[in-house]
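Worksheet for the structure shown next.
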Amino acid sequence: SQELEQSPQSLIVQEGKNLTINCTSSKTLYGLYWYKQKYGEGLIFLMMLQKGGEEKSHEKITAKLDEKKQQSSLHITASQPSHAGIYLCGTIQGAQKLVFGQGTRLTINP
Amino acid sequence: GAVVSQHPSRVICKSGTSVKIECRSLDFQATTMFWYRQFPKQSLMLMATSNEGSKATYEQGVEKDKFLINHASLTLSTLTVTSAHPEDSSFYICSARRFVEKLFFGSGTQLSVL
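Quick look at the structure:
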């Protein structure tokens, strides 16, 4: 089965700094999702990437899918306390079910 | 607004009792819904795929007799944790696909078994 590995697993940055979270797949990605979550709450859909080389942005968050479609990165510019949470990448397996990487816990220090 | 409603958001029960969690798709029909489980500081683990009108498909290692899933209509799936024990305490969350590329999640249910 396809596995997703996220790095780093935990990240602490100073407010205002940029940061990057990576998601690497053991197989070709045919759809890569990024979600944000605070533990004990629901998931917030951020972006979905499908094409190799694709890049999407939402406010200060940019996600890319590399040309070979086996890695995606999520970049946050000028981080704010509101960016704190757990970031999850996910991909579709078996045509319909979404499975996730282990998550990256982001802490923003004021 | 929310497109997937999950209820209850929090439940505390005694060991040995059963707990039912509901997941509803609002203003759209979902032939397939998904149930996940999450432990503190861990990612979401897919438990099962709920199919309307047929049996759920469980992931390896998930006890189907322990976690009963019923998808009786196109807008409702339920997860029943039977004979709950403290080790079943966890955050449970459902999701439903609205469009081909979008999967919406409920707000989750925090289950605490005493």
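As given, the protein sequences belong to chains A and B, one line each in that order.
Heads up: take any position in the first sequence, counting from 1, add 672, and you land on my numbering.
Heads up: take any position in the second sequence, counting from 1, add 1442, and you land on my numbering.
C-beta: ideal position from N, C-alpha, C; glycine also.
Being a predicted model, the structure only gives us computed values, none of them experimental.
Cβ-Cβ distances below 6 Å link Gln1552 (chain B) to Arg1452 and Phe1533 in the same chain, with the five nearest sequence neighbours on each side left out; the list follows chain order. Close partners of Gln768 (chain A) in chain B (Cβ separation under 8 Å): Thr1474, Thr1491 and Arg1539. CA-CA distance, Glu677 (chain A) to Cys695 (chain A), rounds to 6 Å.
When 7 Å is used as the limit between beta carbons, Gly775 (chain A) is near these residues of chain B: Ser1485, in chain order. Among the bridge pairs identified by DSSP, Ala1490 (chain B) is matched with B:Trp1477 and B:Tyr1500. Residue environment: Gln1480 (chain B) is assigned as buried (16 or more neighbouring CB atoms within 10 Å of its CB, all protein chains considered).
Pairing Ser679 (chain A) with Ile1511 (chain B), the inter-Cα distance amounts to about 34 Å. Contact check for Val1555 (chain B) against Asp1530 (chain B) passes: the beta carbons are separated by less than 8 Å.
Here DSSP, grouped into helix, strand and coil, assigns Ser754 (chain A) to helix. At a Cβ-Cβ threshold of 8 Å, Lys1462 (chain B) and Thr1517 (chain B) do not count as neighbours. As the crow flies, the alpha-carbon of Ser1447 (chain B) is around 24 Å from that of Lys1483 (chain B).
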